[in-house]
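In my numbering, the protein residues as written are 16 to 267.
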Ligand SMILES: NC(=O)c1ccc[n+]([C@@H]2O[C@H](COP(=O)([O-])OP(=O)(O)OC[C@H]3O[C@@H](n4cnc5c(N)ncnc54)[C@H](O)[C@@H]3O)[C@@H](O)[C@H]2O)c1
């Protein structure tokens, strides 16, 4: 079960953190993985790691907020890995130098970068892969979101949360528009993560972990495992859903 042998996957923002974990897990299940990141060196580092583990991978650095670059990037993946992108994971979603700032303290010039990345960035990548998926009659689109898309927080993430809410709404509608094509579209909304295992011993991480019902923060490997299921043949009846992956932090 859950084999991804023969599938071509594109993971955005996979140069580090959650995206790198997703890329590792998909590759371990047999997918050929295109590693995207804004930063070439990060994309190449993840690609090198996958290749060193004996997997098939290619680095495709581009900025997902640039529609033409996303189209070119997908064409590069198709040439390099020899086929249609079967699986898109829209993971890039944290703008560079994201500051926690209350709405009243934000400059209106800051609003757009959240919308550009989480809405337009994901839309550009969906647009670039969707038609061939529908034509071949099989595809998986997985949107990575955050609990901030559904839960109000006072921590200074209003525009980040708004952009995540927006893309989650798009996923629901797109999923139903194409439900009969064999292409599924789902969101995985993450809770508090610890992307660096070496940080587990730090007091601030332990304090955050105490707020999570299962007693620990999420890891990139937790997210990778969930994406493998959603991407599998076995998940063909799952579409239009937002799955909360958060150690029980919210239960709706
Ligand atoms: N870390 C958390 O606690 C947490 C919690 C909830 C949800 N999430 C979600 O998980 C996803 C990954 O988060 P992370 O913590 O691994 O982030 P991260 O910042 O560690 O890594 C994200 C990567 O995306 C790349 N990136 C940024 N803008 C890009 C662009 N325009 N085009 C291409 N690549 C771009 C960055 O260069 C970076 O390498 C995001 O969608 C985020 O919203 C994270």
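From the three backbone atoms N, C-alpha and C, an ideal C-beta is built for every residue, glycine too.
Relative to ligand 1, residue 40 has its C-beta separated by 7 Å or more from all heavy atoms.
One thing to note: residue 205 has its Cβ within 8 Å of the Cβ of residue 159.
A residue is called buried once 16 or more other Cβ atoms fall within 10 Å of its Cβ, and residue 34 is buried on that count. Look at residue 91 here: in three-state DSSP terms it is helix. If you ignore the 5 residues before and after residue 88, its C-beta comes within less than 6 Å of the C-beta of 75, 77, all in its own chain and listed in chain order.
Counting only unbroken stretches of 3 or more residues, the beta strand (DSSP E) elements lying wholly within the stretch 129 to 177 are 154 to 161, in sequence order. Annotation: the continuous alpha helix (DSSP H) that includes residue 242 extends over 235 to 246. Taking non-hydrogen atoms of ligand 1 into account, the C-beta of residue 211 is found less than 7 Å away from none of them.
Assignment of residue 182 by DSSP, reduced to helix, strand and coil, places it in the helix class. In the structure shown, the three-state DSSP call for residue 267 is coil. Contact check for residue 264 against residue 211 fails: the beta carbons are separated by 8 Å or more. Segment contact: the stretch 165 to 180 against the stretch 140 to 150, fewer than three CB-CB distances shorter than 8 Å; contact not assigned. For residue 61, the secondary structure class from DSSP, reduced to helix, strand or coil, is helix. The stretch 196 to 203 makes no contact with the stretch 212 to 231, as fewer than three CB pairs between them are under 8 Å. Shown here for residue 267: same chain residues with a beta carbon closer than 8 Å to its own, the five before and five after excluded, namely 165, 259 in chain order.
A straight line joining the alpha-carbon of residue 91 with that of residue 83 spans about 12 Å. Below 8 Å, too few C-beta pairs join the stretch 136 to 147 and the stretch 115 to 122 to call them touching: fewer than three. Between the stretch 48 to 59 and the stretch 16 to 36, the count of Cβ pairs shorter than 8 Å is three or higher; the stretches touch. Counting along the chain, residue 33 sits inside the alpha helix (DSSP H) bounded by residues 32 to 43.
Its Cα nearest to that of residue 20, the residue 44 stands out among 66, 44, 56.
Proximity of the beta carbon of residue 107 to ligand 1 is indicated: a heavy atom of the ligand is located closer than 7 Å. With a threshold of 16 other beta carbon atoms within 10 Å, residue 94 falls short and is exposed.
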